[in-house]
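Residues in the sequence shown are numbered consecutively from 1, following UniProt numbering. All C-beta atoms in this analysis are idealised placements derived from N, C-alpha and C, irrespective of residue type, glycine included. Nothing here was measured: the structure is a model prediction, and the numbers come from that model. Beneath this line is the structure, given in structure tokens, with notes to follow.
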Amino acid sequence: MSAVITGSWKSYDYHREHDVLVVSTRGERGFSKVASQSIDMWRQIEKECQVNSLHKVLILSEMKGRLKPSDSFQIVEFISKCKIDPILVLAIVASDPHAYDDIKFSEAVAKRRRMIFRAFDSEKAAKAWLKMK
1 MSAVITGSWK
11 SYDYHREHDV
21 LVVSTRGERG
31 FSKVASQSID
41 MWRQIEKECQ
51 VNSLHKVLIL
61 SEMKGRLKPS
71 DSFQIVEFIS
81 KCKIDPILVL
91 AIVASDPHAY
101 DDIKFSEAVA
111 KRRRMIFRAF
121 DSEKAAKAWL
131 KMK
């Protein structure tokens, strides 16, 4: 299981690594459809998790630019409703310092919705948190 998907502002690919769906994203934010395209990506993540019985997701983000708070709220709201069993465990690694700050904001929003979500600036730390072998 792996795929490469491209959109107007970013591309992403995913593969399974042990019991985790690993998603790599690249591109530039600042586009008016950031939330809707992120939600489209999450629809694919949800489907892959369901088909492959996965509930841990590691996102390795190489996205540049800022994520507006309103986009964060929309994206987290959608993710919180994804049907990933038993419960979604999400780690996001942001390579851009500004993006990391935005992901930390999304983490705070997610925690208010009782989601298991952590932002990291290190892939090694994220993998340790997910207990990847």
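| Query | Result |
| --- | --- |
| Separation of Val76 from Lys111, as counted between CA atoms | 10 Å |
| Bridge partner(s) assigned by DSSP for Ile59 | Val23 and Ile92 |
| For Asp85 and Ser53, the rounded distance between their alpha carbons | 8 Å |
| Distance, Ser80 Cα to Met115 Cα | 7 Å |
| Classification of Lys83 by the beta-carbon crowding that lies within 10 angstroms, buried from 16 upward | exposed |
| Residue nearest to Lys68 in terms of C-alpha spacing, selected from Met41, Glu48 and Val109 | Val109 |
| Rounded Cβ spacing between Ile92 and Ile59 (contact assumed at less than 8 Å) | 4 Å |
| Contiguous alpha helix (DSSP H) assignments of at least 4 residues, all confined to the segment 80-125 | 97-112 |
| Of the listed residues Phe73, Arg26 and Tyr14, nearest to Ile45 (C-alpha basis) | Tyr14 |
| Glu28 classed as buried or exposed, judged by whether at least 16 other C-beta atoms fall within 10 angstroms | exposed |
| Integer Cβ distance of Ser95 from Ser72, believed to fall under 8 Å | Not a contact, Cβ separation roughly 18 Å. |
| Residues near Arg113 in its chain [Cβ-Cβ closer than 6 Å; skip 5 each side] | Ser80 |
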